[in-house]
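Per our numbering, the very first residue in the sequence shown carries number 1211; after that it's consecutive.
Built from N, CA and C at the ideal position, the CB exists for glycine as well.
Just so you know, these numbers come straight off a predicted model, no measurement behind them.
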Amino acid sequence: MAVGAAGQAVSLSDGTVVPALGQGSARLGQGRHPLADEEQAMSTGLSLGMTLIDTAEIYGDGRAEQLIGRVIKGRRDSVFLVSKVWPSHATRAGIQSACSASLARLGTNYLDLYLLHWPDRVKDLAEVVGTFEQLRAGGHIRRWGVSNFGVAELDRLFRIPAGEQCATNQVPYSLADRKVEREVLPWCVQRRMPIMAYSPLGGEGSSVLRNPTVQRIAASRGGSSAAVALTWAMRSGNVIAIPESGSVAHVRENAAALTLKLEQNELRQLDQAFPT
Ligand SMILES: NC(=O)c1ccc[n+]([C@@H]2O[C@H](COP(=O)([O-])OP(=O)(O)OC[C@H]3O[C@@H](n4cnc5c(N)ncnc54)[C@H](OP(=O)(O)O)[C@@H]3O)[C@@H](O)[C@H]2O)c1
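Written out as structure tokens, the structure reads:
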């Protein structure tokens, strides 16, 4: 196991095992909570086994990466670190310089996973793949992947030389948004490529946590709605969920999903409450 995962875990196609539950960071370091609380929240998540951290150069113009850099200082080796390059930087020179800047903000000399944030406006996908492979050969990144790719874009990617080296596709997936179950998830699973589920609680202000079925299952388990929603997202073993929280109490609730297992009848009830 690569990074001390307590509880549910997911295997990448290169055999690396990562926790099925990580931590997002899109709005961290930007004043939603006091900075110290957000750092404490992420640090608590690491201690509880949520050792995969997702970020991107675009989040708070680098402020999320800087916050993460402070939190992981002294424990880089126990973290699986994911960042993303924005499409406007998706040229050879642009990716190289974006990667260096992300590494500097994160205070590390390698990323475990580097993703192309969106396919839109990318002029030359083969150049992106070639540059990712160069960064990998140079030890700056351990592996690479994509985000927000549909099946047509994945097909195009896999026709490019080395395109099949793609480690994951990060997409929206929650009880409130099950679109990827139709095509994208089966496509990825068939190729032994786990997906990363972003906005797994349904995003900021989502009604998922207030849903009566979710609340009833949570109450019967003595846990939180968030833990139920996250356990549901991770149920197949092919999904890495990356909820974001700047609150220690919320992170504790979320981490409980690493060891929660839903029964078939509970999954059926959730299916009925949130049809595809
Ligand atoms: N690749 C992409 O294009 C893309 C797009 C969107 C997101 N992402 C990634 O996915 C991560 C998560 O997505 P997201 O932030 O959109 O949605 P999310 O994780 O589904 O929801 C985050 C919201 O839920 C709240 N929350 C967290 N735990 C909670 C709990 N236990 N109880 C009640 N509320 C809770 C958070 O507030 P508190 O802080 O107050 O807890 C925050 O408002 C992002 O941070 C980012 O890393 C990627």
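query = Which ranges does the alpha helix (DSSP H) cover as unbroken runs of at least 4 residues, wholly within the region 1237-1267, from first to last along the chain?
reply = 1245-1257
request  = Would you mind working out which of K1471, L1364, C1309, A1459 sits nearest A1439, comparing C-alpha positions?
outcome  = K1471
query = For Y1324, which of Q1400, P1382, V1356 has the nearest alpha-carbon?
reply = V1356
task = Would you please state the rounded distance, in angstroms, between the beta carbons of P1492 and S1384? I believe it to be under 8 angstroms.
result = Residue numbering for the chain in the displayed model covers 1211 to 1486; residue 1492 lies beyond these limits and cannot be assessed.
ask   = Going by DSSP, which residues form a beta bridge with Y1408?
value = P1382
request  = Check the DSSP bridge columns for S1221 and list the partner residues they point to.
outcome  = V1227
Spatially closest choice to A1372 from R1353, G1433, V1390, A1246, by CA coordinates = R1353
inquiry  = Give me the DSSP bridge partner(s) of Q1233.
reply    = I1263
ask   = Just the Cα atoms here: how many angstroms apart are R1369 and F1342?
value = 16 angstroms
task = Indicate the three-state DSSP secondary structure (helix, strand or coil) for A1428 in the structure shown.
result = helix
request  = Please work out which residues of its chain come closer than 8 angstroms, Cβ to Cβ, to L1258, disregarding the five sequence neighbours upstream and downstream, and give them in chain order.
outcome  = A1216, V1461, R1462, A1465, L1468
request  = Please classify F1484: does DSSP put it in a helix, a strand, or coil?
outcome  = coil
ask   = Taking 7 angstroms as the cut-off, is the CB of M1452 close to at least one heavy atom of ligand 1?
value = Sequence check: residue 1452 is Ile here, not Met. Yes, Cβ of I1452 sits closer than 7 angstroms to a heavy atom of ligand 1.
inquiry  = In the DSSP output, which residue or residues are listed as bridge partners for G1355?
reply    = L1325
query = Going along the chain, which residues of its own chain have a beta-carbon closer than 6 angstroms to the beta-carbon of V1230, five neighbours each way excluded?
reply = Looking at the sequence itself, residue 1230 is Ala, so the reference to Val does not match. Closer than 6 angstroms at Cβ, skipping near neighbours: Q1218, A1219, V1220, M1444, I1450.
CA-to-CA distance, T1318 to P1279, given in whole angstroms = In the sequence on display, residue 1279 carries Gly and not Pro. Whole-angstrom Cα-Cα distance: 8 angstroms.
message = Taking 7 angstroms as the cut-off, is the beta-carbon of L1419 closer than that to any non-hydrogen atom of ligand 1?
response = yes
Rounded C-alpha distance that separates L1321 from L1291 = 6 angstroms
key: C-alpha distance - P1453 paired with G1348, whole-angstrom precision   = 31 angstroms
ask   = Which value, in whole angstroms, describes the spacing of the CA atoms of Q1233 and D1287?
value = 16 angstroms
request  = Please report the residue range of the beta strand (DSSP E) in which L1472 lies.
outcome  = Where L1472 is concerned, there is no enclosing beta strand (DSSP E), given that its DSSP letter is neither H nor E.
request  = Compute the minimum distance between the beta carbon of G1284 and the heavy atoms of ligand 1, and state whether it is under 7 angstroms.
outcome  = no
query = With distances taken from CA atoms, which of A1386, L1262, V1390, W1397 is nearest S1416?
reply = A1386
V1289 beta carbon less than 8 angstroms from that of A1308 = no
query = Taking 7 angstroms as the cut-off, is the CB of S1253 close to at least one heavy atom of ligand 1?
reply = no
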